[in-house]
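Chains as they are written, first to last, in the numbering used here: chain E, 181 to 338; chain H, 3 to 294.
Written out as structure tokens, the structure reads:
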């Protein structure tokens, strides 16, 4: 599948929500834990060799689940291949917690759900649709009845 | 650079509803021919398929850091997706008619994660203003440091299953499936038409909900009032979650569960984003005004 790689590499240089050197292990058998510079930018997790400017790779954080594996380790699995785990080793329990939290919030779908919630609440409290003043009430992405899936604890479907 | 392509493709075809779909002509990279492709916009990802019923996308355009412009072209109803980086590609597209073109330009202009984030923050801010304006009644409700109300809301936004507050806060969900007594009384008290969420219900009936004696309406409401009173008593209205001593039975909160800026490390980061986006929005506004 083609993708706009140059632009994605450029994105990896943008201000990051979170950036740290972590241990990272890929999902394949035989992958080992390596030190990587891991950077969270919008809904992408970029990972770099610690002394390089260009990322080795990127993970789109949609339709994925983040879980704590142990005190300092968390994992990311993608719902379409749940047996394959990406593991990340942090330097402290606290750091681990921060990363998990940030990654959960890093999905577009997560934000959409929050937006819909806020919109509904504000409307309920004030009788007004807060998006009207911006002229964006009708946009598909802001619709309450977009049929979003809820119920499971996946980051994707929060 | 590697990408988790299989999973990205899965996002394209999974059953989460797309923001927009339709046929567009896309100019090829090497040759100048325009190819008709089926496009699916989900979030900040613009996927394109060979055919409408293709099982996998041929490609995806990540829509961050781009602008969408109408463009001069031999093709009618043409527009372009342009990126800001060095040697960036320009994606030339054309739609089948004027309406489709306008609709796509509009949808694509606002597809970025940054844009969504800005709108969410704005609504979050508005909601807090409203809550603050309606008085301190909220403050004692399940508070912790920072912004108890938004935390509560974020809890609600996040986990619909199980959390006692969740079923009360959204009229669109099937409420009360797991609802403990907390949610029922406010609904009962309010007009039968709207299922008013517990919190806002209490705000409207600010005085009433707080001062009604627990036994007045029987067990169910008693239970709810006790729960709320518990919070009023222990704190001086300021949210007592900090010491956790008289915490009401609220769902466990995650650290940083409030929807405060996720951009915790360095506000410089956020203000940069904000500024950048502010410019973007301004440019779009100008563009739109000109195209009217």
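C-beta atoms are modelled at their ideal positions from N, C-alpha and C, and glycine is treated no differently. This one's a predicted model, so the numbers in the text were calculated from it and none came from an experiment.
Measure how close the beta-carbons of residue i and residue j come, nearest whole angstrom, since I'm counting them as under 8 Å.
i, j, result
"residue 73 (chain H)", "residue 94 (chain H)", "7 Å"
"residue 16 (chain H)", "residue 243 (chain E)", "6 Å"
"residue 192 (chain E)", "residue 219 (chain E)", "6 Å"
"residue 18 (chain H)", "residue 261 (chain E)", "Not confirmed; about 17 Å, so no contact."
"residue 295 (chain E)", "residue 238 (chain E)", "Not confirmed; about 25 Å, so no contact."
"residue 96 (chain H)", "residue 75 (chain H)", "7 Å"
"residue 71 (chain H)", "residue 46 (chain H)", "With a Cβ gap of about 18 Å, residue 71 (chain H) and residue 46 (chain H) do not count as contacting."
What residues from chain E crowd round residue i, counting only those whose CB sits closer than 8 Å?
i, result
"residue 89 (chain H)", "186"
"residue 102 (chain H)", "Simply none; closest approach about 14 Å."
"residue 67 (chain H)", "187, 190, 191, 194"
"residue 33 (chain H)", "Chain E residues near residue 33 (chain H): none, gap ~15 Å exceeds 8 Å."
"residue 13 (chain H)", "240, 242, 243"
"residue 110 (chain H)", "The premise fails here: residue 110 (chain H) is roughly 11 Å from chain E at the closest Cβ pair, so nothing lies under 8 Å."
Nearest by alpha-carbon distance to residue i: which of the options is it?
i, options, result
"residue 122 (chain H)", "E:288, E:304, E:305", "E:288"
"residue 313 (chain E)", "E:299, E:321, E:324, E:320", "E:299"
"residue 28 (chain H)", "H:126, H:125, H:91", "H:91"
"residue 14 (chain H)", "H:43, H:38, H:114, H:98", "H:43"
"residue 267 (chain E)", "E:181, E:191, E:194, E:203", "E:203"
"residue 197 (chain E)", "E:295, E:307, E:281", "E:281"
"residue 4 (chain H)", "E:226, E:205, E:215, E:218", "E:226"
"residue 229 (chain E)", "E:249, E:199, E:251", "E:199"
"residue 59 (chain H)", "H:33, H:135, H:11", "H:11"
"residue 77 (chain H)", "H:116, H:88, H:115, H:26", "H:26"
"residue 256 (chain E)", "E:184, E:183, E:206", "E:206"
Could you tell me which chain H residues have their CB closer than 9 Å to the CB of residue i, listed as they occur along the chain?
i, result
"residue 263 (chain E)", "Neighbours of residue 263 (chain E) on chain H: none; closest Cβ ~13 Å, over 9 Å."
"residue 275 (chain E)", "Those do not exist, as residue 275 (chain E) stays about 11 Å from chain H at its closest Cβ, beyond 9 Å."
"residue 234 (chain E)", "3"
"residue 237 (chain E)", "3, 4, 5, 6"
Residue i bridges to which residues according to DSSP?
i, result
"residue 44 (chain H)", "H:47"
"residue 205 (chain E)", "E:267"
"residue 96 (chain H)", "H:27, H:80"
"residue 248 (chain E)", "E:254"
"residue 71 (chain H)", "H:82"
"residue 62 (chain H)", "E:183, H:49"
"residue 37 (chain H)", "H:28"
"residue 198 (chain E)", "E:220"
"residue 238 (chain E)", "E:226, H:5"
"residue 214 (chain E)", "E:204"
Under 7 Å between beta-carbons, which chain H residues line up against residue i? List them in chain order, please.
i, result
"residue 252 (chain E)", "What residue 252 (chain E) touches in chain H: nothing, since even the nearest Cβ is about 15 Å away."
Can you confirm whether residue i, when its beta carbon is compared against all beta carbons of chain E, has any partner nearer than 8 Å?
i, result
"residue 56 (chain H)", "no"
"residue 120 (chain H)", "no"
"residue 98 (chain H)", "no"
"residue 265 (chain H)", "For residue 265 (chain H), the pLDDT reaches just 44, beneath the cut-off of 50, and the residue's location in the model is therefore unreliable, although a value from the coordinates is still provided. Interface residue, yes."
"residue 18 (chain H)", "yes"
"residue 45 (chain H)", "yes"
"residue 70 (chain H)", "no"
"residue 115 (chain H)", "yes"
"residue 10 (chain H)", "yes"
"residue 363 (chain H)", "Any question about residue 363 (chain H) goes unanswered here, given that chain H covers just 3 to 294."
"residue 149 (chain H)", "Residue placement at residue 149 (chain H) cannot be trusted, given a pLDDT of 44 that sits under 50; what the coordinates show is reported in the next sentence. It does not: the Cβ of residue 149 (chain H) has no partner Cβ on chain E nearer than 8 Å."
So with CB distances below 8 Å, who are the chain H contacts of residue i?
i, result
"residue 182 (chain E)", "60, 61, 62"
"residue 299 (chain E)", "125"
"residue 292 (chain E)", "45, 118"
"residue 306 (chain E)", "132"
"residue 260 (chain E)", "8, 9, 12, 16"
Please confirm whether residue i has its beta-carbon closer than 8 Å to some beta-carbon of chain H.
i, result
"residue 320 (chain E)", "yes"
"residue 222 (chain E)", "yes"
"residue 211 (chain E)", "no"
"residue 228 (chain E)", "no"
"residue 309 (chain E)", "no"
"residue 268 (chain E)", "no"
"residue 289 (chain E)", "yes"
"residue 295 (chain E)", "yes"
Can you name the residues of chain E whose CB is closer than 7 Å to the CB of residue i?
i, result
"residue 22 (chain H)", "320"
"residue 7 (chain H)", "181"
"residue 129 (chain H)", "298, 301, 302"
Can you pull the chain E residues whose beta carbon is under 9 Å from the beta carbon of residue i, in chain order?
i, result
"residue 85 (chain H)", "184, 186, 187, 190"
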